[in-house]
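These protein sequence lines map, in sequence, to chains A and B. Just add 214 to the spot in the first sequence (first one is 1) and you have my numbering. Just add 639 to the spot in the second sequence (first one is 1) and you have my numbering. Here the structure is laid out as structure tokens; the discussion comes afterwards.
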Amino acid sequence: MLKLEGITKTFSGTGMKAVDSLDLEIRDGEIFGFLGPNGAGKTTTIRILTGALGPDSGRVTIDGIDLADEPLLAKGRCGSVPDDPELWNRLKAREYLDFMGDVYGVPTRQRRERVAELAGLFAIADVLASSIGSFSRGMKQKLCIVGSLLHDPPNWILDEPMVGLDPQAAFDLKDLMRRRAGTGGCVFFSTHVLEVAEKICDRLGVIAGGRLLFTGTIGELRTLREEARGRADSPAGDRERGDACGGADSPAGGEARGGARGEAGAESLERLFLDLVEDS
Amino acid sequence: MRAFAALLSLEVRSAFGWKPLVEYRSLGDWLKLAGAGILGLFLVADVGFVLVLSDLSQFRALEPRGLQDLLLLNAAILASITVFFLGFIMMLSGYSLSPAESRLFSLPLRDGELLAAKFAVVLLSQAVFSLFIFGASLVVFGVQEGPPAAFWLVGFLVALALPFPPLALAWLVVVPLMSLARFMRNKSAVLAVSAFVGLAFALAFNFYTQNSFAMLTDPIRALGGFVGPGTVVNQAGSTWPPSWMAWKSLAVTMAGQWPLGLGLALGLLALGAALSFLVVAALGRIWRRSVISFGEGRLRKLAAGGSELFIASRFGRHGAFRALFLREWRFMNREPRFFLNGPFIIVLMPAILAAGYFVQRGNLARLRFLFEGPGGPRNAFLAAAAFGAFLGSSTSVASTALSRDAKSLAAVLALPVSPIAFMAAKLVHALVWALIGALVGAVAIGLLAGLAPGTTVAALFVAAAFSALANLVGLWIDTARPRLAWDNPTAALKQNPNSALVVLGSIVALVLGGWLAIAFGLGIGALAAVLGGGSSLLFIAGLAIYARFAIIKIREIEPRG
């Protein structure tokens, strides 16, 4: 279980508040999708959650262990996939995986079994002797995914894991996420691919401007948006919106709202996400 | 033409990383700029001083024979050789495309225009060397001879024109070479070749300059060089006509025929421009094809069924600290831009000095008196310890340890690794190179000066202890102020002020230590105890304080990217 309580982070160089009073809890057996536009604070949140970045205030606990008090113990219960897989180009794939295994203290037998299983699953077993620099981006991403699971962590944190993956690998990754959540693991991932989030997430979090706008299921998000739209469609709401958009009768405004209303029965996550972020 | 101007501006700005003055906002920014300016002035003054001294001694050697204008011929040759080799290395090491650059090929620009923009970047970089080398000789000659005003104009035009022909020639070599040699389409191979070409050039340059001095100081050899069909002028003229044109244009101007001199200088400029244009026009297409194919990945696949055996035999558990140390070692020493600008100094410096010794062994033999007599062994001991300490403390491994890791910090800090283990792996890596440097330096001078084995070991102890301390200080500085924002790996190492600070600081400390040792008249044993023991004690004490400092600073780090 991953828990963030009152997390705030302002970068020292820019003075920009990247994350503001963020509270989040990801339960065991759950796949949690973390959505947000570019620069919303997703990667900063993930870095704080993995212990790569210290927050100004707030508390992170991993399976009840305080990350600030027991960083090595807490980090040992997580596996993380960074957003940039281009970091290890000077190593060979075998060296990278052995490095990860050594750092997480994975015994030889378990290490060999896990490498054979996961490298086989992601079809990179035959290139383990190669330099990572000769890999495509997708292969590097697969290698990072394999490395993050060598120690079979109860918590799995992934930053944009689908980027660069071929359809088969993306399918396998989603399947692996489901299997890990199915056996009681906790999966937290950020993504821009809303279809993926819609299909596999048990719950979602939407962040924009460093503030968490929503957490819950897609059904709850839909209800929330319908309620918000209902308020906006009231005469007072129409007046407000009309003022903001330069007139309710403008063709663009009318079409956009008409389209969204027409899909209200089975509104896509994309529409809901865009509305939510726009309103924020 | 407007598109080419925009391309040129983009290439130049991205190559040199120039920041507009309006972006310097804080006091820190201005202080950094001022510091860089002072360092630049120091370097210009330092190199300028050496060049002027060298030119003056050449002038004085040539003047009695009335051949002093040959100083300008020598300068033109030196400038051309320097520009050719440095340009060649720059072309090789820049022979790849970043993702952003590769998008330029989809823009409506001609191949020749793209190559011309690259040519211009190399030209701007190398013109500085040409101006500096040729300009120093021009000034020395001008001040000594009091030439007519036209001399300065012709000299300026010649200095501007000199870099064009050697750079055109260098492109003429580099582009076909990269097109034909498949193994060269690999960044590591190219950088390794560049390093060896650089090393060869440094040695050849050293050999040429030392040999010139040796020739000028020997009247018989000097006369042989300037009389008869095999004179220096004839050889230069037939081997590299632009250097002859440069010399001739100034020589005739001095003789009062300034229109002819001006014509020759303009001719040289036109020749350079024409050669450059021809090379760019002819090679643009070949260059585009070869540069696009550069860095093609070559994936080594295991044979069918081989992966099971590979996994079963090659994977195994080791300690976390070993893993961290190996990561450090592989990250630095497999990245040519890190290795060549860092630990390679342990090979480069002794090689340059050995070349100098080989050429000047006659003159240097006269210095043997320093190592003879009652104070001789002590002087030899100090020289061995100082050279070992210099090599051990100049590798820049520790002083750039965190800066080099900027891109992977977020990933590494997420691992269950303590800050102490993380930084200790970096320090141990630096100390391994420090020990190698100290060993090479102390033993080389020890052998050269005929030191007794025991004294060499004592010198090695001092060198290793000082190097260890210097590396700890370097690590400390880089932990306090790491350079985390960079795009080019060279910026994390060679252009890192932390590295310059430690190298220059070590030199100052070594000079000061040597002076104190001589001033107090200490013997070898006492020197080893004071310098080696003192450095060791400071290292141990510093280590304990640094550990606490590192824990705090690593927690405060904000990974970029």
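Note that beta-carbon positions come from the ideal geometry of N, C-alpha and C, so glycine has one too. As the structure is a prediction and not an experimental result, all values here were calculated from the model.
Between residue i and residue j, which are expected to be in contact by the criterion C-beta below 8 Å, what is the C-beta distance as a whole number of angstroms?
{"i": "B:GLY955", "j": "B:SER1035", "result": "B:GLY955 to B:SER1035, Cβ: 33 Å. No contact."}
{"i": "B:PHE758", "j": "B:SER882", "result": "So it is not a contact: roughly 21 Å between Cβ atoms."}
{"i": "A:MET376", "j": "A:ALA384", "result": "5 Å"}
{"i": "B:VAL1142", "j": "B:SER1033", "result": "5 Å"}
{"i": "A:PRO367", "j": "A:GLY315", "result": "Their Cβ separation, rounded to whole angstroms, is 13 Å, which puts A:PRO367 and A:GLY315 out of contact at 8 Å."}
{"i": "A:LEU364", "j": "A:VAL320", "result": "5 Å"}
{"i": "B:ALA1098", "j": "B:ALA1158", "result": "The pair is not a contact, with the Cβ atoms about 19 Å apart (cut-off 8 Å)."}
{"i": "B:LEU811", "j": "B:GLN765", "result": "No, B:LEU811 and B:GLN765 are not in contact; Cβ-Cβ is about 15 Å, not under 8 Å."}
{"i": "B:LEU647", "j": "B:ALA756", "result": "5 Å"}
For residue i, count the other beta carbons within 10 Å of its own beta carbon; 16 or more makes it buried, fewer makes it exposed. Which is it?
{"i": "A:ASN252", "result": "exposed"}
{"i": "B:VAL1079", "result": "buried"}
{"i": "A:THR431", "result": "exposed"}
{"i": "B:MET730", "result": "buried"}
{"i": "B:PRO802", "result": "buried"}
{"i": "B:PHE744", "result": "exposed"}
{"i": "B:MET817", "result": "buried"}
{"i": "B:ASP668", "result": "exposed"}
{"i": "A:THR437", "result": "exposed"}
{"i": "B:LYS887", "result": "buried"}
{"i": "A:LEU372", "result": "buried"}
{"i": "B:TRP1072", "result": "buried"}
{"i": "B:VAL797", "result": "buried"}
{"i": "B:PHE1105", "result": "buried"}
Taking the alpha-carbon positions, what's the residue i to residue j distance?
{"i": "B:VAL1082", "j": "B:GLY1027", "result": "8 Å"}
{"i": "A:CYS459", "j": "A:ARG443", "result": "In this predicted model, A:CYS459 has a pLDDT of only 36, less than 50, meaning its place in the structure is not dependable; the value taken from the coordinates is given anyway. Using only the alpha carbons, I get a separation of about 15 Å."}
{"i": "B:ILE1193", "j": "B:VAL722", "result": "43 Å"}
{"i": "B:THR878", "j": "B:SER719", "result": "12 Å"}
{"i": "B:GLY674", "j": "B:LEU692", "result": "27 Å"}
{"i": "B:LEU905", "j": "B:MET640", "result": "24 Å"}
{"i": "A:ASP237", "j": "B:ILE677", "result": "50 Å"}
{"i": "B:GLU947", "j": "A:ALA330", "result": "7 Å"}
{"i": "B:ALA714", "j": "B:ASP1126", "result": "36 Å"}
{"i": "B:SER952", "j": "B:ASP1117", "result": "39 Å"}
{"i": "B:ILE925", "j": "B:PRO815", "result": "8 Å"}
{"i": "B:VAL1112", "j": "B:GLY1152", "result": "17 Å"}
{"i": "A:ALA395", "j": "B:LEU941", "result": "33 Å"}
{"i": "B:ALA909", "j": "B:ARG1122", "result": "44 Å"}
{"i": "B:ALA943", "j": "B:THR1095", "result": "55 Å"}
{"i": "B:LEU889", "j": "A:PRO299", "result": "59 Å"}
{"i": "B:LEU682", "j": "B:GLY895", "result": "37 Å"}
{"i": "B:PHE1100", "j": "B:ALA1088", "result": "17 Å"}
{"i": "B:LEU901", "j": "B:GLN697", "result": "26 Å"}
DSSP state of residue i, grouped into three classes?
{"i": "B:GLY1014", "result": "coil"}
{"i": "B:ASN980", "result": "helix"}
{"i": "A:LYS231", "result": "strand"}
{"i": "A:GLU369", "result": "Residue identity differs from the one stated: residue 369 of chain A is Asn in this sequence, not Glu. Correct three-state label for A:ASN369: strand."}
{"i": "B:LYS1133", "result": "coil"}
{"i": "A:GLY451", "result": "With a pLDDT of 49 at A:GLY451, under the threshold of 50, the modelled position of this residue cannot be trusted; read the value that follows with caution. Of the three classes helix, strand and coil, the one that applies to A:GLY451 here is helix, per DSSP."}
{"i": "B:ALA1183", "result": "helix"}
{"i": "A:ARG273", "result": "strand"}
{"i": "A:LEU486", "result": "helix"}
{"i": "B:LYS757", "result": "helix"}
{"i": "A:ARG425", "result": "strand"}
{"i": "B:PHE954", "result": "coil"}
{"i": "A:LEU263", "result": "helix"}
{"i": "A:GLY467", "result": "Only weak support exists for where A:GLY467 lies, its pLDDT of 36 falling under 50; the value from the coordinates is given anyway. Three-state DSSP puts A:GLY467 in a helix."}
{"i": "A:LEU222", "result": "Looking at the sequence itself, residue 222 of chain A is Thr, so the reference to Leu does not match. Here A:THR222 sits in strand by DSSP."}
{"i": "A:LEU216", "result": "strand"}
{"i": "B:LYS1192", "result": "helix"}
{"i": "A:SER294", "result": "strand"}
{"i": "B:ARG928", "result": "helix"}
When the Cβ atoms of the region 393 to 412 of chain A are set against those of the region 317 to 328 of chain A, are three or more pairs found closer than 8 Å?
The region 393 to 412 of chain A is not in contact with the region 317 to 328 of chain A.
Should the region 962 to 969 of chain B be regarded as contacting the region 1061 to 1068 of chain B, the criterion being three or more beta carbon pairs within less than 8 Å?
Contact holds: three or more Cβ-Cβ distances are below 8 Å.
Spell out a yes or no on whether the region 412 to 428 of chain A and the region 254 to 262 of chain A are touching, meaning 3 or more CB-CB pairs, one atom from each, closer than 8 Å.
Taking 8 Å as the limit for Cβ pairs, the verdict is that the region 254 to 262 of chain A does touch the region 412 to 428 of chain A.
Evaluate the contact criterion for the region 1014 to 1021 of chain B versus the region 1149 to 1169 of chain B: three or more CB pairs, one atom per stretch, below 8 Å.
Cβ pair count under 8 Å is three or more, so yes.
Inspect the CB distances between the region 242 to 250 of chain A and the region 403 to 415 of chain A and report whether three or more fall short of 8 Å.
The count of Cβ pairs closer than 8 Å, one atom from the region 242 to 250 of chain A and one from the region 403 to 415 of chain A, reaches three, so the stretches are in contact.
At least three beta-carbon pairs within less than 8 Å, the region 1124 to 1135 of chain B to the region 1047 to 1059 of chain B
Result no; under three Cβ-Cβ pairs closer than 8 Å.
Is the region 260 to 270 of chain A in contact with the region 219 to 226 of chain A, if contact means three or more CB pairs nearer than 8 Å?
Here the region 260 to 270 of chain A lies against the region 219 to 226 of chain A, with 3 or more beta-carbon pairs under 8 Å apart.
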